Structure formats: C-alpha cells, structure tokens
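Chemist:
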Amino acid sequence: MPVDLSVFKTAAPYRGFQEQDWNLLADRLREVRPSAGHMVFREKEPGDGFYFIRAGRVKISKRVVPEGKKAPQEMILALLTEGNLFGEMALVDGTPRSADAIVEENAILFYMPQEEYERLQKGHPATALRIQDLLVATLCSRSEEHTSELQSLRH
982 MPVDLSVFKT AAPYRGFQEQ DWNLLADRLR EVRPSAGHMV FREKEPGDGF
1032 YFIRAGRVKI SKRVVPEGKK APQEMILALL TEGNLFGEMA LVDGTPRSAD
1082 AIVEENAILF YMPQEEYERL QKGHPATALR IQDLLVATLC SRSEEHTSEL
1132 QSLRH
C-alpha cells in the first residue's frame, strides 16, 4: 500500500520532485511507527537505508568523551521533525552509521531500504538523481549548520 507523502510535496527541499517521483517513492517506502524512546539505529551499525519523517520527532546524537573527562556524554547533533530526513549519510558514502537516531515523540517514518534505492537508480535514474540531489543538499545544509555552531563557540 502506498504511503501518504503529502506533507513533503509542499516543503522547499522537495520542490524539484515531479508527480512520477512521488508515485515511485510512495510505492517503495515502508511505513514504520516507532514509539518515543525507540532506537531507530545506533552509531557504527551498517547503513541500510534512510528515513523520511512524516510525523513526530527524532534526535540524532553521539556519545563523546569530553577532554579531561572519563565518562561519555550525549552530544545532540540534531532534533528533526516532520518533513526532514535522516540516515542519508550511510547511503551516500557506504560507511556505518555516524550517530544514534532515537525517537523523541511517537513518529511515523517512511523507510527507504538501500536495495530499493539501488533498484530505483537502475529503473528510474531521473527520480534517483533527484533523491540523490536531496540527500546531498541535506548533508551540505547540516554541515553548514555545524560549521556555524563551531564558529560561534570560538567567539
């Protein structure tokens, strides 16, 4: 059964998508409904796909040991809500997960497994290219946010 992608259709990052793209995505995405506290994935796990957030909130975080400390502390990298996506880094670069993803509020997520994305690349390259552009734009945007945060810490 196709998933409801209406929340994404008017969001700025998805404006380049065409109706055919939405139809192809709707048929390939898997809906999951994790409850608050659910660990979607852990840092260092293999990356096997990415997620669109239809509803709810997901926290992306890492456990780090601050200089001079012994115990690890949680470093929150992002709090993501409706319309965002996450888990894209592992799909783009093929490396294990770089952070944890934990559901903060009951969520509706749409999961794109890596093998579905690869099938899309072969069968519908124009749609796959638009998704790839979205993934890269997301990565760039988050990198810019983190760079700005680091620069503000220096002043």
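For the sequence shown, my numbering begins at 982 and goes up steadily by one. The C-beta atom is built at its ideal place from N, Cα and C for all residues, glycine as well. Given the structure is predicted, the values throughout are model-derived calculations rather than measurements.
Judging by CA-CA distance, which residue of R1044, R1100, L1006 and V988 is the nearest neighbour of I1034?
Modeler: For the residues R1044, R1100, L1006 and V988, the minimum Cα distance to I1034 belongs to V988.
Chemist: In three-state terms, what does DSSP make of K1040?
Modeler: It is a strand residue.
Chemist: So what's R1011 in DSSP terms, helix, strand or just coil?
Modeler: strand
Chemist: CA-CA distance, E1024 and Y1032?
Modeler: Taking the Cα positions, E1024 is about 15 Å away from Y1032.
Chemist: Taking G1064 as the reference, which of R1100, A1036 and Q1054 has the closest Cα?
Modeler: A1036
Chemist: Between the segment 1005-1018 and the segment 1096-1112, do three or more beta carbon pairs fall short of 8 Å?
Modeler: yes
Chemist: Grab me the residues of V1021's own chain with a C-beta within less than 6 Å of its C-beta, minus the 5 sequence neighbours each way, in chain order.
Modeler: A1082
Chemist: Less than 7 Å between the C-beta atoms of G1028 and L986, yes or no?
Modeler: no
Chemist: Run through the segment 1032-1106 for me and flag every whole alpha helix (DSSP H) of 4 or more residues, listed as ranges in chain order.
Modeler: 1069-1074 and 1095-1104
Chemist: If you drop the 5 nearest sequence neighbours on each side, which residues of the same chain put their C-beta closer than 7 Å to that of V1013?
Modeler: Excluding sequence neighbours, V1013 sits near L1090 and Y1092.
Chemist: Where does F989 fall in DSSP's three states?
Modeler: When DSSP states are grouped into helix, strand and coil, F989 belongs to the helix group.
Chemist: Can you give the Cα-Cα distance for E1069 and L1058, rounded to whole angstroms?
Modeler: 14 Å
Chemist: May I have the straight-line CA-CA distance separating V1046 from A1118, to the nearest angstrom?
Modeler: Going from the Cα of V1046 to the Cα of A1118 covers about 30 Å.
Chemist: What residues are listed by DSSP as bridge partners for M1020?
Modeler: I1083
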